[in-house]
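> If you scroll down you'll find the structure; I have some questions about it.
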Amino acid sequence: MPAVTVTPGGTAATSLTVRNDSDIVEAYTLEVVGDCAPWAVVEPERVSLYPGTSETVTVRLAPPRSPEVRAGDVPLAVRVLPAEHPESVTVPETTVHVEEFHELRTEILPRRRRGWLRGRYRVAVRNEGNTPTQVAFRPEQAGEELRFGFTPGTLDLAPGESAETRLRVRIGKPVWFGKPAVWPFTVHATDRAAEQDPEAGARAGTLVRPPLEAEFVQIPIFPKWLLALLAALLALLLAWFALVRPAVRSAARQAADEVVQPRPTPGGKNGQSPGTGGGSGTGREQGGSGPGVPGGTGPGGTAPGGTGPGTAGGGGGQSSTTIDVQTSGGQTKTGSYTVPAGKTFRITDIVVANFQGDEGVMTITFGDRKITTIALETFRNQDYHWVTPIEIPANATVTANVTCAKPGTPATGQQARQCHEVLNVSGALADIAR
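In the numbering used here, the protein residues as written are 1024 to 1457.
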């Protein structure tokens, strides 16, 4: 049986002559054995011979184009089994030379990558040929904007083996504004053996596949929506300085002017502004000649320049008094004013001042009636007014009870050592009717 050469994916044939040297008619069964058996057949598979005769059969070979059929010399054996004398079985052999073929299956993932300056890809390669190969990669681009790098640069693959290489694409200049820039490129995967010997590659049936196509989409550093947002913020900023800020300053200035403007004293021309008590705690009635009203007394409370009402009308004129309370941090102190005997104090207005910005609680009481409790940190100046006066009988007290949690910081910029609150009470001080 002569040797034969076959190309994967093609066909080849060789012959085998069978001779009957026995003295009886014999039937022979022929079967291919060995590595070639999956892709080789004998035609015909059974022959009958008279004594002294012979017949030639054909062995057809059709190896598939697959990495499983390795290139090189493969033994071919045909087993000849006599039906009458099976002990006389013979196995003639020869050699089949399987030719090489080169084929690569490639894929790039992803096909499109987005980035500011660089993108990363994966190139997968499978050796579909029947011989070991070394795969090299060659990028290609229409311009020269992109730079390419493969890690590793080459792959050594056995038949049927798969592997990956990492591709890094980089561009030198960023896109600051505008639309994304699209940079297409291709990647060629080449078989080094076929590339070095083109004639051998052509004889081996090298399959040239199209190059891999991919894109790098370079996105701008600053997208369009960010530019629109910056423009809107700039417009709002200009509107603030041009329109809103002047209006806010004007409103604040007007509010400040209203706060510092002196409030008219109730009672008209015979009245007196709050906080103008007599210098020694006793005063003289305006327009009268009798002794003044006794000053107020109380623990911790003193009126500026005195402790009693500043002035009083002869028959029920307007009057006011100021209670000044100074309290150390963490302590409680009470300042008070006592309505003189034979008098009734009809209160219509009070003003509370927390000019240091102290923190704590202040409770105001008229006689046995609690008027209000205020958190000091919620105000600097506060006033209350009543259409119907609140009457305080003789010998009853107006008290300001202060619990100091934390002294504030006055206009000097240094924190005060004590809490300092002022209560001014205004109304009509009248004689008790007899």
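The beta-carbon is built from N, C-alpha and C at its ideal position, and this holds for glycine as well.
At which residues does the alpha helix (DSSP H) containing W1248 begin and terminate?
Unbroken alpha helix (DSSP H) run through W1248: 1247–1262.
> For Q1341, count neighbouring C-beta atoms within 10 Å of its own C-beta (all shown protein chains included) and say buried if the count is 16 or more, exposed if not.
Q1341 comes out buried.
> So what does DSSP say about V1267, is it helix, strand or coil?
Helix.
> Could you pull the start and end residues of the beta strand (DSSP E) that Q1341 belongs to?
Where Q1341 is concerned, the enclosing beta strand (DSSP E) stretches over 1341–1351.
> Kindly list the residues whose CB is nearer than 7 Å to the CB of A1095, restricted to its own chain and excluding five residues on each side of it in sequence; keep chain order.
One point to set straight first is that residue 1095 is Gly, not Ala, in the sequence displayed. Only V1121 meet the Cβ criterion.
> I need the straight-line Cα distance from E1107 to Q1157, nearest angstrom please.
The alpha-carbon atoms of E1107 and Q1157 are separated by roughly 55 Å.
> From K1356, G1450, G1032, pick the residue whose C-alpha is nearest to that of G1152; which is it?
The shortest Cα separation from G1152 among K1356, G1450, G1032 belongs to G1032.
> My output table needs one value for R1276: the three-state DSSP class, helix, strand or coil.
R1276: helix per DSSP, three-state reduction.
> For a minimum of 3 consecutive residues, which ranges assigned as the beta strand (DSSP E) are wholly contained in the region 1034–1082?
Whole beta strand (DSSP E) segments, 3+ residues: 1035–1042, 1049–1056, 1063–1066, 1069–1072.
> Could you work out which residue in P1246, F1173, I1194 is closest to G1201 when comparing CA atoms only?
Checked all of P1246, F1173, I1194; the closest Cα to G1201 is P1246.
> In or out: K1366 buried (at least 16 other Cβ within 10 Å) or exposed?
K1366 comes out buried.
> Shorter than 8 Å from the beta carbon of F1171 to some beta carbon of chain C?
Chain labels in this structure do not include chain C; a single protein chain is all it has.
> Going by the DSSP bridge assignment, what does E1238 pair with across the sheet?
Answer is R1135, P1207.
> Would H1125 be called buried (16 or more neighbouring beta carbons within 10 Å of its own) or exposed?
With 16 or more other Cβ atoms within 10 Å, it is buried.
> Who pairs with F1389 in a beta bridge, going by DSSP?
Its beta-bridge partners are R1392, V1421.
> Suppose contacts are defined by Cβ-Cβ distances below 8 Å. Is T1118 in contact with L1099 by that definition?
Yes, Cβ-Cβ distance for T1118 and L1099 is below 8 Å.
> Quick one: Cα of T1081 to Cα of E1049, how far?
Approximately 19 Å between the Cα atoms of the pair.
> Could you round the C-beta distance between D1406 and V1374 to whole angstroms and report it? I think they count as a contact, below 8 Å.
The pair is a contact, with the Cβ atoms about 5 Å apart (cut-off 8 Å).
> Drop a sphere of 10 angstroms on the beta-carbon of I1244, count the other beta-carbons inside from all chains shown, and report buried for 16 or more, exposed for fewer.
Classification of I1244: exposed, given that the 10 Å Cβ count is below 16.
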